[in-house]
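*Asks:* The structure follows.
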Amino acid sequence: MRVFILTGEVSGDKNASHLLKKLSSYGWDFYALGGENLKKAGAKIVCDSSEISVVGFQEVITKLGKINSIRRRVIAEALLSDLIIAVDFPGFNLPLSRKLKSLNKKVVYYISPQVWAWGKWRIRDLAKLDAVLCILPFEEDFLRSYGVNAFFVGHPLVKYEEELPDIPIENNGPIFGFLPGSRKEEIRRHIPRMLRIAGMIKKILPKSKFIFSIYGDAHMNIDDALIVKGLGRSVIRRSDVVITASGTATLEAAIEGKPAIVLYLVSELTYYLGRLLIKLPFVSLPNIILGRMIYPEYIQHLNYDEIARRAVKFLDEKDKFKEISKVLKEELRGRYDESEVIKKVLRL
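Counting from 1233, one number per residue, gives the positions in the sequence shown under the working numbering.
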């Protein structure tokens, strides 16, 4: 059987690779719009997902020609497949899933779009698919109430704990980890701001050490800083306090029991459109899941002095985040096994 996997960014590529490993015992052939993680797991990469990994309305427009070209190629490959598994990245993957379902393909969506946050109209597209695999505890009941064949399968960050490479850095002072995100635009916007924050922390605590998790090439100049390629979860585990872009890393930090500060910057157009569309009090998943502000959020407008001082203050509050980690892990275990749901879909 031929399976085509759709991703669109690093986190989706990684989560899809876990799923592929679970399904590999069936002897299926896997093709993908993906990256290095799926390739290592055994998928044939038809298109590199980094080519479409952009965020924001304005940013998408500048790459529209490339995105449409990849979309056409992906549709051609998916039509040759028996099953399509779309993973997260709804701006690209959800319309494509709807299109492929209309062409009588079996389609499973893994990591449901956050329709409870914005874009509720997208639920009707999810309801047309064969199954939607949810990773947050409240999503199954919410989606089923709208006729979606939804299953809470648990969060991959909890279900697929893995050995992490150690990061060699002297431990003779507090360690602050910086995660600017995986997309090129995120890195471009966040790195200069994070360097400024690190410099301010250094003035408060001269013995501080810094680790930056970087995807791609980035040139940085700061004393006592270690730059690693990717390894976001390892950076979080090695750090005392994390300063991270909004995204998967916020949940990784909470699961690891680490205090964190969340920041995010996009174009002004994207920011103002987002304010009109998103009606949630928080943007980071730990805050959303627990319904309270455990991680401070600085979106678009950064108070550098306040962020630096909060990061330093968090050094004295580390124990409370270990308890938060226990609560989150229990919440995110899941009710179903992904591979069993997929086999059920194939029997339909």
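The beta-carbon is built from N, C-alpha and C at its ideal position, and this holds for glycine as well. As the structure is a computational prediction, the values presented were derived from the model and not from experiment.
(1) Ends of the beta strand (DSSP E) at Thr1222?
(2) DSSP three-state call for Leu1411: helix, strand or coil?
(3) Closest to Arg1376 by C-alpha separation, out of Ser1344, Asp1398, Asn1325, would be which residue?
(4) Write down the C-beta distance between Leu1255 and Ala1264 rounded to the nearest angstrom, noting that I regard them as a contact closer than 8 Å.
(5) When the distance is taken between beta carbons, is Ala1349 closer than 8 Å to Leu1495?
(6) Give me the Cα-Cα distance between Gly1274 and Ser1243, rounded to the nearest whole angstrom.
(7) Could you give the residue range of the beta strand (DSSP E) that holds Lys1273?
(8) Put Lys1352 into one of helix, strand or coil per three-state DSSP.
(9) Grab me the residues of Val1559's own chain with a C-beta within less than 8 Å of its C-beta, minus the 5 sequence neighbours each way, in chain order.
(10) Taking DSSP as the reference, what is the three-state secondary structure of Tyr1342?
(11) Please state the DSSP three-state secondary structure of Arg1234.
(12) Rounded to the nearest angstrom, what separates Val1347 and Leu1517 at their Cα positions?
(13) Which residue spans inside the segment 1503-1565 form an unbroken alpha helix (DSSP H) run of at least 4?
(14) Kindly indicate the opening and closing residues of the beta strand (DSSP E) around Val1319.
(15) For the putative contact between Lys1338 and Asp1314, defined by C-beta atoms under 8 Å, what is the C-beta separation to the nearest angstrom?
(16) From what residue to what residue does the alpha helix (DSSP H) around Lys1435 run?
(17) What's the C-alpha gap between Ile1423 and Pro1412?
(18) Return the CA-CA distance between Ile1459 and Lys1276, expressed in angstroms with no decimal places.
(19) Helix, strand or coil, according to DSSP, for Val1364 in the structure here?
(20) In angstroms, rounded to a whole number, what distance separates the CA positions of Glu1581 and Val1385?
(21) Looking at Lys1439: is its Cβ nearer than 8 Å to the Cβ of Ile1401?
(22) DSSP state of Val1498, grouped into three classes?
(23) Answer yes or no: do Tyr1536 and Ile1436 have a C-beta to C-beta separation smaller than 8 Å?
(24) Are the beta-carbon atoms belonging to Asn1519 and Pro1388 less than 8 Å from one another?
*Replies:* The structure says:
(1) Because the chain here runs from 1233 to 1580, residue 1222 falls outside it and cannot be looked at.
(2) Residue numbering aside, residue 1411 sits at position 179 when the sequence shown is read from its first letter. Note: Leu1411 maps to strand in three-state DSSP.
(3) In the sequence shown, the residue the question calls residue 1376 occupies position 144. The candidate whose alpha carbon is nearest that of Arg1376 is Ser1344.
(4) Within the sequence shown, numbered from 1, the residue matching residue 1255 stands at position 23. Within the sequence shown, numbered from 1, the residue matching residue 1264 stands at position 32. That belief does not hold up - the Cβ atoms of Leu1255 and Ala1264 are roughly 12 Å apart, past 8 Å.
(5) Along the sequence shown, read from residue 1 onward, the residue named residue 1495 stands at position 263. Along the sequence shown, read from residue 1 onward, the residue named residue 1349 stands at position 117. In this structure, Leu1495 lies away from Ala1349, with their beta-carbon atoms at least 8 Å apart.
(6) Taking the sequence shown and counting its residues from 1, the one referred to as residue 1274 is at position 42. Taking the sequence shown and counting its residues from 1, the one referred to as residue 1243 is at position 11. Roughly 17 Å between the two C-alpha positions.
(7) As a working note, residue 1273 is residue 41 in the sequence shown. At residue 1273 the sequence reads Ala, which differs from the Lys that was named. Unbroken run through Ala1273 is the alpha helix (DSSP H), 1268-1273; no beta strand (DSSP E).
(8) Here residue 1352 corresponds to residue number 120 of the sequence shown, with the count starting at 1. Here Lys1352 sits in helix by DSSP.
(9) Counted from its first residue, the sequence shown places residue 1559 at position 327. Counting only Cβ-Cβ distances below 8 Å, and skipping sequence neighbours, we find Leu1522.
(10) One-based indexing of the sequence shown puts residue 1342 at position 110. The answer is strand: DSSP assigns Tyr1342 an E or B state.
(11) Here residue 1234 refers to the residue found at position 2 when the sequence shown is read from its first residue. Residue state, collapsed to three classes: strand.
(12) For the purposes of this step, residue 1347 is taken as the residue at position 115 of the sequence shown. For the purposes of this step, residue 1517 is taken as the residue at position 285 of the sequence shown. Cα to Cα, the separation comes out at about 14 Å.
(13) 1517-1522, 1536-1545, 1550-1563
(14) The count along the sequence shown starts at 1 and reaches residue 1319 at position 87. Note, Val1319: beta strand (DSSP E), 1315-1319.
(15) Within the sequence shown, the letter at position 106 stands for residue 1338. Within the sequence shown, the letter at position 82 stands for residue 1314. Rounded, the Cβ-Cβ distance is 7 Å, consistent with contact.
(16) The residue you call residue 1435 lines up with position 203 of the sequence shown. Counting along the chain, the alpha helix (DSSP H) containing Lys1435 begins and ends at 1416-1436.
(17) In the sequence shown, counting from the first residue as 1, residue 1423 sits at position 191. In the sequence shown, counting from the first residue as 1, residue 1412 sits at position 180. Those two C-alpha atoms are separated by around 6 Å.
(18) The count along the sequence shown starts at 1 and reaches residue 1459 at position 227. The count along the sequence shown starts at 1 and reaches residue 1276 at position 44. If I take the Cα positions, the gap works out to 30 Å.
(19) Position 132 of the sequence shown, counting from 1, holds the residue named residue 1364. Strand at Val1364.
(20) Since the first and last residues shown for the chain are 1233 and 1580, residue 1581 lies out of range.
(21) Within the sequence shown, numbered from 1, the residue matching residue 1439 stands at position 207. Within the sequence shown, numbered from 1, the residue matching residue 1401 stands at position 169. Not a contact, by the Cβ cut-off of 8 Å.
(22) Counting from 1 along the sequence shown, the entry for residue 1498 is found at position 266. Residue state, collapsed to three classes: coil.
(23) Taking the sequence shown and counting its residues from 1, the one referred to as residue 1536 is at position 304. Taking the sequence shown and counting its residues from 1, the one referred to as residue 1436 is at position 204. For Tyr1536 and Ile1436, no; Cβs fall outside 8 Å.
(24) Indexing the sequence shown from 1 puts residue 1519 at position 287. Indexing the sequence shown from 1 puts residue 1388 at position 156. Not a contact, by the Cβ cut-off of 8 Å.
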